[in-house]
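Asks: Numbers 749 to 971, taken from our numbering, label the letters of the sequence shown in order.
After the structure tokens below, expect a handful of questions from me.
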Amino acid sequence: MFCNQCEQTAQGTGCSKIGACGKKPEVSDLQDLLMHGVQGLALYAAEGRRRGIVDEEADLFTMQAIFSTLTNVDFDPARFQELIKRAVELRESVKAKVAAAGGRTDFDQAAATFTPADSIDGLAAQGAALDYIRTLDEDENIRSLKQTLLYGLKGIAAYADHAWILGQKDDAIAGFLYEALVALMTTGLSVDACVAVALKAGEINLLAMKILDAGNTGTYGHP
Ligand code: SF4
Numbered sequence: 749m750f751c752n753q754c755e756q757t758a759q760g761t762g763c764s765k766i767g768a769c770g771k772k773p774e775v776s777d778l779q780d781l782l783m784h785g786v787q788g789l790a791l792y793a794a795e796g797r798r799r800g801i802v803d804e805e806a807d808l809f810t811m812q813a814i815f816s817t818l819t820n821v822d823f824d825p826a827r828f829q830e831l832i833k834r835a836v837e838l839r840e841s842v843k844a845k846v847a848a849a850g851g852r853t854d855f856d857q858a859a860a861t862f863t864p865a866d867s868i869d870g871l872a873a874q875g876a877a878l879d880y881i882r883t884l885d886e887d888e889n890i891r892s893l894k895q896t897l898l899y900g901l902k903g904i905a906a907y908a909d910h911a912w913i914l915g916q917k918d919d920a921i922a923g924f925l926y927e928a929l930v931a932l933m934t935t936g937l938s939v940d941a942c943v944a945v946a947l948k949a950g951e952i953n954l955l956a957m958k959i960l961d962a963g964n965t966g967t968y969g970h971p
């Protein structure tokens, strides 16, 4: 496990044995594997959107899945097993739609073809083997910017999922999530390119907060 996504992180650098929040290594590794699975889905969903294919089931799932990996939102290994399996099912479903539309499906990233193990122990081992945070990029500046983006995506997903529950959605949010998830896997990005995606995440986060506010006030009234 290596998790450094919140201010409680051990010694200010990262929880690597057990989370200061109580997160167990197994859960941290499953969270990393779920992000890997969602990134595989994003490759095809982003290509699908370039072909006019919008899959709302995949959009909502992506928000829910990313949200579940935020800090201490969900510590249930069985739930992560379900989500990882579903990420791969949706990846294959969207891939088939993209192929039928003549879109690109020959992605060579590991996430494009990853097969989940059939036990929680096996999945956790797959997640640990990713060394997810440390392998975001070889360059420490780019790795740092990618982490900034990654944690921004978790916040956007939380707001957007809550807004969706209250009947509010904006297609630009899922579209951005897919593009950003692909950017996390892209090698050779410049600092400027990473900063641009991170700034876009800030813009999309404001949009997510705006629709969540509309959902809250529309449902419960103005306080
Ligand atoms: S979310 Fe938990 S495991 Fe992750 S950095 Fe914070 S305290 Fe550590």
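Glycine included, every Cβ here is placed at the ideal spot set by N, Cα and C.
K917 to G870, Cα distance in whole Å?
Replies: What you label residue 917 is simply residue 169 of the sequence shown in a count that begins at 1. What you label residue 870 is simply residue 122 of the sequence shown in a count that begins at 1. Taking the straight line from one Cα to the other gives about 36 Å.
Asks: I need the DSSP call for C763, collapsed to helix, strand or coil.
Replies: Position 15 of the sequence shown, counted from the first residue, corresponds to residue 763. Strand.
Asks: Please state the DSSP three-state secondary structure of C769.
Replies: Start at 1 with the first residue of the sequence shown, and residue 769 comes out as number 21. If DSSP states are grouped into helix, strand and coil, C769 belongs with coil.
Asks: Compute the Euclidean distance between the alpha carbons of I959 and G903, then round it to the nearest angstrom.
Replies: Locating residue 959 in the sequence shown gives position 211, counting from the first residue. Locating residue 903 in the sequence shown gives position 155, counting from the first residue. Approximately 14 Å between the Cα atoms of the pair.
Asks: Which residues bound the alpha helix (DSSP H) around T896?
Replies: Position 148 of the sequence shown, counting from 1, holds the residue named residue 896. Residues E888 to I913.
Asks: Determine, using beta carbons only, whether A949 and A928 come nearer to each other than 9 Å.
Replies: As a first step, residue 949 is located in the sequence shown; it is residue number 201 there, counting from the start. As a first step, residue 928 is located in the sequence shown; it is residue number 180 there, counting from the start. It is a contact, given that the beta carbons lie within the stated cut-off.
Asks: With a threshold of 6 Å on Cβ separation, who are the neighbours of D780 within its own chain once the five nearest residues in sequence on each side are excluded?
Replies: If you number the sequence shown from 1, residue 780 lands on position 32. Same-chain partners within the cutoff: G875, L878 and Y880.
Asks: Going by Cα to Cα distance, which pick from L932, H910, E886 and K772 is closest to Y899?
Replies: Here residue 899 refers to the residue found at position 151 of the sequence shown. Answer by Cα proximity: L932.
Asks: Which full runs of the alpha helix (DSSP H) of 4+ residues lie inside the segment 793-845, going along the chain?
Replies: 804-816
Asks: Hey, is K771 close to ligand 1, as in C-beta under 8 Å from one of its heavy atoms?
Replies: Residue mapping note: residue 771 aligns to position 23 of the sequence shown, counting from 1. Under cutoff, so the answer is yes.
Asks: Can you tell me where the alpha helix (DSSP H) with N953 in it begins and where it stops?
Replies: Walking along the sequence shown from the start, residue 953 turns up at place 205. Unbroken alpha helix (DSSP H) run through N953: V939 to Y968.
Asks: Determine the direct distance from the alpha carbon of G760 to that of S892, and round the result to whole angstroms.
Replies: The residue given as residue 892 occupies position 144 in the sequence shown. The residue given as residue 760 occupies position 12 in the sequence shown. One C-alpha to the other measures close to 15 Å.
Asks: In terms of residues, what are the limits of the alpha helix (DSSP H) holding E927?
Replies: The sequence position of residue 927 within the sequence shown is 179, counting from 1. E927 -> alpha helix (DSSP H) spans D919 to M933.
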